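Structure first, then comments.
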């Protein structure tokens, strides 16, 4: 058993310690907002926060996370980035959006007033192929304007 905190709730995983975090989140805990994209830690669709830091959940083994705090897109529902993404109509296909939102939340936690260049750099590892990227960037700027400083 691996004990961890997921979206503020104490959880225990019965999965073998080598099971990927993404599989535990989706299959065992029913948190399907994080997506399986490439499975190679390259696209960012599976991004979650572990102790506040962005982590590709498709490559992280659950056994390495005992006692850690994991935040998924479901745990960010009250974060300003969610309202900003909706206001900017930033989702097109939506596949990358949970990873983008998690990356943006991590950026805004470190820097509540990022420049456009800092936003671009923070989201650069996230793969988006549908063309919504300009709206996503505007959404992060909008969320930053609503963040306490």
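Numbering (my numbering), first residue to last: 48 to 196.
Glycine included, C-beta positions come from ideal geometry on N, C-alpha and C.
All values derive from a computational prediction rather than experimental measurement.
Around residue 59, the same chain offers 48, 50 as residues with beta carbons nearer than 6 Å, after the five sequence neighbours per side are excluded. Under the three-pair Cβ rule at 8 Å, the segment 181-191 counts as touching the segment 133-145. For residue 189, the secondary structure class from DSSP, reduced to helix, strand or coil, is helix. Within the same chain, 115, 117 come within 6 Å of residue 97 by CB-CB distance, once the 5 residues on both sides are set aside. In the three-state reduction of the DSSP assignment, residue 145 falls in the helix class.
Under a 10 Å Cβ-count criterion, residue 163 is classified as exposed, with fewer than 16 other Cβ atoms of the shown protein chains found around its own Cβ. Under the three-state reduction of DSSP output, residue 127 falls in the helix class. Where residue 165 is concerned, the enclosing alpha helix (DSSP H) starts and stops at 163-170.
The segment 67-81 makes contact with the segment 97-110: 3 or more CB pairs, one atom from each, lie closer than 8 Å. The alpha-carbon of residue 193 is positioned some 30 Å away from that of residue 89.
Inclusion of residue 184 and residue 166 in the CB contact set at 8 Å is warranted, their separation being smaller than that value. Secondary structure at residue 101: strand, using DSSP grouped into helix, strand and coil. The beta-bridge partner set that DSSP reports for residue 49 consists of 60. The DSSP-derived three-state label of residue 118 is strand. The DSSP-derived three-state label of residue 75 is helix.
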